[in-house]
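FYI, the numbering for the sequence shown is 3 to 193, going by our numbering. Worksheet: the structure to be examined is printed underneath.
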Amino acid sequence: FIDDAETKQLLQYAEELMRLQAEDGAINDDDARLPVTGGTMQTTYQAAQTWRQAYARTANDKYLAPLRKAERFLTRRADGWKDAKSVYVQDISFALLGLASAGVTRAEPASKRLQDLLLPRQNHDGGWALDGKNSDAFATGQAVYTLKMAGFSDADPAVQQGIAYLLSKQGADGAWRTAKSGQNGSEKGET
């Protein structure tokens, strides 16, 4: 689905992101309207994905250095987290997605540690919560996607329960309206 025009634009974005990357590897987020703009963990993860795709299309090693710096940032930040309750659920997801994208398997200690932060955040109704309390489709969809990318299958109980939650909350028109962000972004984003 990607032709030469999109590749050229991707490479332009990759170059721009390289100029924005901080010394510690982060791409600092200047738009803190959670949850749609998920903070520095999200922007850094997305930049890493951009560099990964730029490298895949060009085999140019210049994209590997910022990619590695971004991965180190995600790992170091996650290493500082001591308990699940004190960390924004999206940050856990983006850290785990970053590890999975880098090839870390579900069984490796770094992945298991993040799984151990994400899984206890699942509520009794099968969902996850942006606010840490009330399950919503935005956080649940992201958590289920993250677990699948980290190596979980549809047979894993956490994934099954998350999907069941999503199915139970989907409206007749196909949309979800469980999260409120104050700027209408999550209402669109969760669907």
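Glycine included, every Cβ here is placed at the ideal spot set by N, Cα and C. Values in this document were obtained by computation on a predicted structure and should not be read as measured data.
Using only the alpha-carbon positions, how far apart do Leu-8 and Gly-143 sit?
Reading the sequence as shown, one finds Glu at residue 8 and not Leu. When rounded, the distance between both Cα atoms is 27 Å.
Residues in its own chain within less than 8 Å of Thr-52 by CB, not counting five upstream and five downstream?
Leu-12, Tyr-15, Ala-16, Leu-19
Have a look at Asp-156 and Gly-164 and give me their C-alpha separation to the nearest angstrom.
10 Å
Would you be able to state if there are at least three C-beta pairs under 8 Å between the segment 52 to 65 and the segment 77 to 93?
no
Using only the alpha-carbon positions, how far apart do Gly-27 and Arg-79 sit?
Each residue's alpha carbon lies about 11 Å from the other.
For the candidate residues Asp-81, Gln-44, Lys-150, Ser-103, whose alpha-carbon lies nearest to that of Arg-70?
Ser-103
In terms of DSSP beta bridges, what is Asp-118 paired with?
Paired residue(s): none; Asp-118 is not in a bridge.
Please confirm whether Gly-41 and Asp-93 have their CB atoms less than 8 Å apart.
yes
Using only CA atoms, which one of Glu-73, Lys-135, Ala-49, Phe-96 lies nearest to Tyr-147?
Phe-96
Using the rule of at least 16 other Cβ atoms within 10 Å of the residue's Cβ for burial, across every protein chain shown, is Asp-138 buried or exposed?
buried
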